[in-house]
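Asker:
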Amino acid sequence: SQTIHQWPATLVQPVGSPLSLECTVEGTSNPNLYWYRQAAGRGLQLLFYSVGIGQISSEVPQNLSASRPQDRQFILSSKKLLLSDSGFYLCAWSGRRETEAFFGQGTRLTVV
Amino acid sequence: GDSVTQMEGPVTLSEEAFLTINCTYTATGYPSLFWYVQYPGEGLQLLLKATKADDKGSNKGFEATYRKETTSFHLEKGSVQVSDSAVYFCAFGGSNYKLTFGKGTLLTVNP
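Sequence order for the protein chains is Z and F.
Just so we're aligned, residue -13 is where the first sequence starts under the numbering used here, counting upward by one.
Just so we're aligned, residue 13 is where the second sequence starts under the numbering used here, counting upward by one.
1. Helix, strand or coil for Z:Leu69? Go by DSSP, reduced to three states.
2. Pull the bridge partners of Z:Tyr22 from the DSSP assignment, please.
3. Are F:Gly90 and F:Pro43 closer than 7 Å when you measure CB to CB?
4. Whole angstroms is fine: what's the gap from Z:Ser63's alpha carbon to F:Ser84's?
5. Can Z:Leu50 and Z:Val1 be called in contact, C-beta distance under 7 Å?
6. Output needed in chain order: residues of the stretch 100 to 111 of chain F with a Cβ under 9 Å from some Cβ in chain Z.
7. Take the Cβ of F:Asp14 as the centre, count every other Cβ of all protein chains shown within 10 Å, and call the residue buried at 16 or more, exposed below.
8. In chain Z, what lies closer than 9 Å to F:Ser44 by C-beta?
9. Identify the continuous beta strand (DSSP E) that holds Z:Gln56 and give its terminal residues.
10. Among all the DSSP beta bridges, which residues are the ones paired with Z:Ala(-5)?
11. To the nearest angstrom, how far is the alpha carbon of F:Trp47 from that of F:Glu81?
12. Spatial neighbours of F:Glu75 within its chain, please: CB distance less than 8 Å, with the 5 preceding and 5 following residues excluded, ordered by chain position.
13. Does the Cβ of Z:Ser6 have 16 or more other Cβ atoms within 10 Å, making it buried, or fewer, making it exposed?
14. Between F:Leu60 and chain Z, is any beta-carbon pair separated by less than 7 Å?
15. Output needed for Z:Thr(-4): all residues of its chain with C-beta closer than 6 Å, excluding positions within five of it in sequence on either side, in chain order.
16. Which residue or residues does DSSP assign as beta-bridge partners of Z:Phe89?
17. Return the residue from the list Z:Asp71, Z:Tyr20, Z:Leu30 that minimises the CA-CA distance to Z:Arg58.
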């Protein structure tokens, strides 16, 4: 069966520090991969999605970037965090021609 | 543009009450429709789905019917439990394989 791992679960970082969140998927190949952000009291905002290695689409301009160095690995990064980057970050995957997505457990990021 | 509008919460019910959370969507074509549930501090779990008009998705006592004529996918449960307390998200998936989510509805069920 397919599983998705996302880490760390919680993170507290100072303003201006770098960020790296990692997500890996097991039990499937060539998945579509997604990074979402959920701000307090708001819905989910799609940040990035990827349909293959090295292929990243950005949905909104922001202080973050994403990379997909391997088929089942998706990384969310920032060179310098802002206070406004605080939130709950969710990684997800879907099958190649499917829209049904499966989510990781999320990372609670607090920038202080 | 594409969007999902769902009932704003919070919704507070007593155990065994009837639940309805309204959801309507604006999209081109005939997307797949989903309800996701998020328990405190966790990621989203798929609750149910429907892929074509008049389909009824169901799981754990929850149901939702894909209504093309009203572009709606309302979530219902006949008798809620305390353990159903969570945030519920309506979503649709289009031809670009991306999900568009509503803002979520917080449900609290009291014993």
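Even for Gly, the Cβ is constructed at its ideal location relative to N, Cα and C.
Answerer: According to the structure shown:
1. Stepping through the first sequence from its first residue, residue 69 of chain Z is reached at position 83. Correct three-state label for Z:Leu69: helix.
2. As a position in the first sequence, residue 22 of chain Z is number 36, starting the count at 1. BP columns for Z:Tyr22 point to Z:Leu32, Z:Leu76.
3. Position 78 of the second sequence holds residue 90 of chain F. Position 31 of the second sequence holds residue 43 of chain F. Their beta carbons are not under 7 Å apart, which means F:Gly90 does not touch F:Pro43 by this criterion.
4. On the first sequence, position 77 is the one that residue 63 of chain Z refers to. On the second sequence, position 72 is the one that residue 84 of chain F refers to. Those two C-alpha atoms are separated by around 37 Å.
5. The sequence position of residue 50 of chain Z within the first sequence is 64, counting from 1. The sequence position of residue 1 of chain Z within the first sequence is 15, counting from 1. Taking 7 Å as the Cβ cut-off, Z:Leu50 and Z:Val1 do not qualify as a contacting pair.
6. Phe101, Ala103, Phe104, Gly105, Gly106, Ser107, Asn108, Tyr109, Lys110, Leu111
7. Here the question's residue 14 of chain F lines up with position 2 in the second sequence. Exposed is the call here.
8. For the purposes of this step, residue 44 of chain F is taken as residue 32 along the second sequence, with counting starting at 1. The contacting residues are Glu84, Thr85, Glu86.
9. Against the first sequence, residue 56 of chain Z aligns to sequence position 70. It spans 51 to 56 - the beta strand (DSSP E) in which Z:Gln56 sits, taken as one unbroken run.
10. Taking the first residue of the first sequence as 1, we reach residue -5 of chain Z at position 9. The partner list for Z:Ala(-5) (beta bridge, DSSP) is empty, contrary to what the question assumes.
11. Taking the second sequence and counting its residues from 1, the one referred to as residue 47 of chain F is at position 35. Taking the second sequence and counting its residues from 1, the one referred to as residue 81 of chain F is at position 69. Each residue's alpha carbon lies about 19 Å from the other.
12. Working through the second sequence from its first residue, we reach residue 75 of chain F at position 63. Excluding sequence neighbours, F:Glu75 sits near Leu60, Lys68, Gly69, Leu87, Glu88, Lys89.
13. The residue given as residue 6 of chain Z occupies position 20 in the first sequence. Label assigned to Z:Ser6: exposed.
14. The count along the second sequence starts at 1 and reaches residue 60 of chain F at position 48. No, no contact with chain Z.
15. Against the first sequence, residue -4 of chain Z aligns to sequence position 10. Around Z:Thr(-4): Arg94.
16. To locate residue 89 of chain Z, count along the first sequence from 1; it is residue 103. Z:Phe89 is bridged to Z:Ala78.
17. On the first sequence, residue 58 of chain Z is found 72 positions in, with the first residue counted as 1. Minimum Cα distance to Z:Arg58 is reached at Z:Tyr20.
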